[in-house]
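Enquirer: Have a look at the structure that comes next, please.
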Amino acid sequence: MVKATFLGHSCVSITDGHKTVVIDPFLTGNPKAAAQPNDLDVDAVLVTHGHSDHLGDAIPIAKRCKVPIIGVFELCNYCQSQGATVHPMHIGGAHTFDFGRVKLTPALHGSAVSGNPPIYTGNPVGFLVEMGERTVYHSGDTGVSAEMEVIGRLHSIDLAFLPIGDNFTMGIDDAVEAVRMLHPKTVVPFHYDTFDLIAADPKAFAAKAKDLAQIVILKPGESVEV
Ligand code: NI
Ligand code: MN
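Heads up: the sequence shown begins at -15 in this note's numbering, then just goes up one per residue.
Structure follows, in structure tokens:
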């Protein structure tokens, strides 16, 4: 059994009661953040891509907790250059850590740390996290993709976090198609309503996807157990 807590935007912490990981800890500057960076006590920090609304506070959290940042090689190189400990991986690869197993999945998106010039941080990814005998899928920022069919075939997903905010990621209708391909047992929509540009109605998503999976709408700070 695992408990996943939605901390706002795309930030999710997952615990099996012994170990805890956080994914995409964008808290500082997040108008919907349900925690502050110093609140988190984690065993690893997973980051899907280099955009500031995902990399967020990852580096200071990893340094304070003395734990690695897990992500793609190029993003890890950047984090290492900023003084963080890292565990680089790449798409399709999995590794067993002391807290559980992580596999990197493809995402259709970009990845860079903004600046002039921007620092490109490799391919964006999603994560499959196996903890507490459950599999949690965090898609990262992505459009719907045919790869989701394969992910759904290879993995029995207990809980999936999928974006519905449109503009930068898939919107509601494409997210429904993603659920169809991934066939997770439970889905939590995220990456919406943080900013006006990604306003979306999670109830509209739930109505369209309810025959495909259990849809759980979480407010920032709320948790689901699977
Ligand atoms: Ni992004
Ligand atoms: Mn984003």
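Glycine included, every Cβ here is placed at the ideal spot set by N, Cα and C.
In its own chain, which residues sit with a C-beta less than 6 Å from the C-beta of Lys238, not counting the 5 before and 5 after it?
Expert: Any property of residue 238 remains undetermined from this structure, which presents the chain solely from -15 to 210.
Enquirer: Tell me the start and end of each unbroken alpha helix (DSSP H) in the region 6 to 80 that is at least 4 residues and wholly inside, in chain order.
Expert: 36 to 39, 42 to 49 and 57 to 65
Enquirer: Assuming contact is defined by CB atoms lying nearer than 7 Å, are Ser207 and Thr12 in contact in what I supplied?
Expert: Taking the sequence shown and counting its residues from 1, one reaches residue 207 at position 223. Taking the sequence shown and counting its residues from 1, one reaches residue 12 at position 28. No. Outside cutoff.
Enquirer: Measuring alpha carbon to alpha carbon, tell me which of Ala130, Ala42, His35 and Glu114 ends up nearest Gly99.
Expert: Within the sequence shown, residue 99 is the residue found at index 115, counting from 1. The residue with the shortest Cα to Cα distance from Gly99 is His35.
Enquirer: May I ask whether a heavy atom of ligand 1 can be found less than 6 Å away from the beta carbon of His35?
Expert: Counted from its first residue, the sequence shown places residue 35 at position 51. Checking the Cβ of His35 against ligand 1 gives yes.
Enquirer: Could you check what DSSP says for Phe189 in three-state terms: helix, strand or coil?
Expert: Stepping through the sequence shown from its first residue, residue 189 is reached at position 205. Here Phe189 sits in helix by DSSP.
Enquirer: State yes or no: is the C-beta of Asp125 nearer than 6 Å to some heavy atom of ligand 2?
Expert: On the sequence shown, position 141 is the one that residue 125 refers to. Flag set: Cβ of Asp125 near ligand 2.
Enquirer: Put Ala159 into one of helix, strand or coil per three-state DSSP.
Expert: If you number the sequence shown from 1, residue 159 lands on position 175. Note: Ala159 maps to helix in three-state DSSP.
Enquirer: Provide the residue span of the alpha helix (DSSP H) that contains Gly(-8), from first to last.
Expert: Here residue -8 refers to the residue found at position 8 of the sequence shown. Taken as a continuous stretch (DSSP letters only), Gly(-8) belongs to no alpha helix (DSSP H), being part of the beta strand (DSSP E) at Lys(-13) to Gly(-8).
Enquirer: Can you give me the C-alpha to C-alpha distance between Pro52 and Lys187, rounded to a whole angstrom?
Expert: Along the sequence shown, one-based indexing puts residue 52 at 68. Along the sequence shown, one-based indexing puts residue 187 at 203. In a straight line, the C-alpha of Pro52 is about 36 Å away from that of Lys187.
Enquirer: Do the region 21 to 39 and the region 1 to 8 touch if we need at least three Cβ pairs shorter than 8 Å?
Expert: Contact holds: three or more Cβ-Cβ distances are below 8 Å.
Enquirer: Between Ala190 and Gly127, what straight-line distance do the alpha-carbon atoms span, to the nearest angstrom?
Expert: Taking the sequence shown and counting its residues from 1, the one referred to as residue 190 is at position 206. Taking the sequence shown and counting its residues from 1, the one referred to as residue 127 is at position 143. Taking the straight line from one Cα to the other gives about 18 Å.
Enquirer: Can you grab the Cα-Cα spacing for the pair Leu92 / Met132, in whole Å?
Expert: Sequence index remark: in the sequence shown, residue 92 carries index 108 (1-based). Sequence index remark: in the sequence shown, residue 132 carries index 148 (1-based). Those two C-alpha atoms are separated by around 11 Å.
Enquirer: For Gly110, which beta-bridge partners are listed by DSSP?
Expert: The count along the sequence shown starts at 1 and reaches residue 110 at position 126. DSSP, once it has assigned bridges, lists Thr89 as partnering Gly110.
Enquirer: Taking the alpha helix (DSSP H) that Thr200 belongs to, which residues open and close that run?
Expert: Stepping through the sequence shown from its first residue, residue 200 is reached at position 216. Residue 200 is actually Val in this sequence, not Thr. It is not in any alpha helix (DSSP H) - Val200 carries neither H nor E in the DSSP assignment.
Enquirer: Specify, as a first and last residue, the run of the beta strand (DSSP E) that Val(-4) falls within.
Expert: Here residue -4 corresponds to residue number 12 of the sequence shown, with the count starting at 1. Start and end: Cys(-5) to Thr(-1).
Enquirer: When the Cβ atoms of the region 138 to 148 are set against those of the region 53 to 60, are three or more pairs found closer than 8 Å?
Expert: Segments in contact, no.
Enquirer: Ordered along the chain, which non-local residues of its own chain (more than five positions away) have a Cβ less than 6 Å from that of Thr178?
Expert: The residue you call residue 178 lines up with position 194 of the sequence shown. Cβ within range, chain order: His(-7) and Lys16.
Enquirer: Around the Cβ of Arg85, are there at least 16 other Cβ atoms within 10 angstroms (buried) or fewer (exposed)?
Expert: Indexing the sequence shown from 1 puts residue 85 at position 101. With fewer than 16 other Cβ atoms within 10 Å, it is exposed.
Enquirer: Quick one: residues in its chain with C-beta nearer than 7 Å to the C-beta of Ala18, no 5 flanking neighbours on either side, listed in chain order?
Expert: Locating residue 18 in the sequence shown gives position 34, where the first residue counts as 1. These residues qualify, in order along the chain: Leu(-9), Gly(-8), Pro204 and Gly205.
Enquirer: Going straight from the alpha carbon of Gly67 to that of Asp82, what length do you get?
Expert: Residue numbering aside, residue 67 sits at position 83 when the sequence shown is read from its first letter. Residue numbering aside, residue 82 sits at position 98 when the sequence shown is read from its first letter. Their backbone Cα atoms lie some 22 Å apart in a straight line.
Enquirer: Do Gly124 and Gly110 have their CB atoms nearer than 7 Å?
Expert: Along the sequence shown, one-based indexing puts residue 124 at 140. Along the sequence shown, one-based indexing puts residue 110 at 126. Their beta carbons are under 7 Å apart, which means Gly124 touches Gly110 by this criterion.
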